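Here is the structure we will look at, set down as structure tokens.
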Amino acid sequence: MRILGIGSGLFLLCLLWSISIFVWLLTGRAKAPYTSLGPLILLVSTCITTFLLLIPRSPVDEKLVDYPENGKSFFLTQITDWMHFWRILIIFVNVIAAIAGSTKC
Numbered sequence: 004m005r006i007l008g009i010g011s012g013l014f015l016l017c018l019l020w021s022i023s024i025f026v027w028l029l030t031g032r033a034k035a036p037y038t039s040l041g042p043l044i045l046l047v048s049t050c051i052t053t054f055l056l057l058i059p060r061s062p063v064d065e066k067l068v069d070y071p072e073n074g075k076s077f078f079l080t081q082i083t084d085w086m087h088f089w090r091i092l093i094i095f096v097n098v099i100a101a102i103a104g105s106t107k108c
């Protein structure tokens, strides 16, 4: 499903990070047992985002390949990943944000 050319995964990530930042802000000045909930939620969101970014998004192209010497044919599956650089960049930014968020000022 696409809305304005944007897939449902991006909406899922926006919702996930909105909730995570909201919980982080709410628990930032809470009492001792609840203070660690914010960074934990951000860490979980980073892990979920990393997992979702590693799922291939390009369609699978299947081509029928014939081999005349043995008379057999099979489907050659090729998975293309044209967004690899952008995924790595987002993972890098998430790691930097997690490190910066875990430090105490």
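Each number in the working numbering corresponds to the 1-based position in the sequence shown with 3 added.
Backbone N, C-alpha and C fix where the C-beta goes; we use that ideal spot for every residue, glycine too.
These figures come from a predicted structure and were not determined experimentally.
Asked                                                                                                       : Found
Euclidean distance between Cα positions of SER21 and ALA33                                                  : 19 angstroms
C-beta atoms of ALA101 and LEU43 nearer than 8 angstroms                                                    : no
DSSP-derived helix/strand/coil call for THR31                                                               : It should be pointed out that residue 31 corresponds to Gly in this sequence rather than to Thr. Three-state DSSP puts GLY31 in coil, outside helix and strand.
Neighbourhood of ILE94 by C-beta, 6 angstroms cutoff - its chain only, sequence neighbours within 5 removed : THR53
Of the residues HIS87, SER48, LEU56 and SER39, the one placed nearest THR106, counting alpha carbons only   : SER39
Proximity to PHE88 [Cα-Cα], best of TRP27, LEU57, GLY31 and GLY104                                          : LEU57
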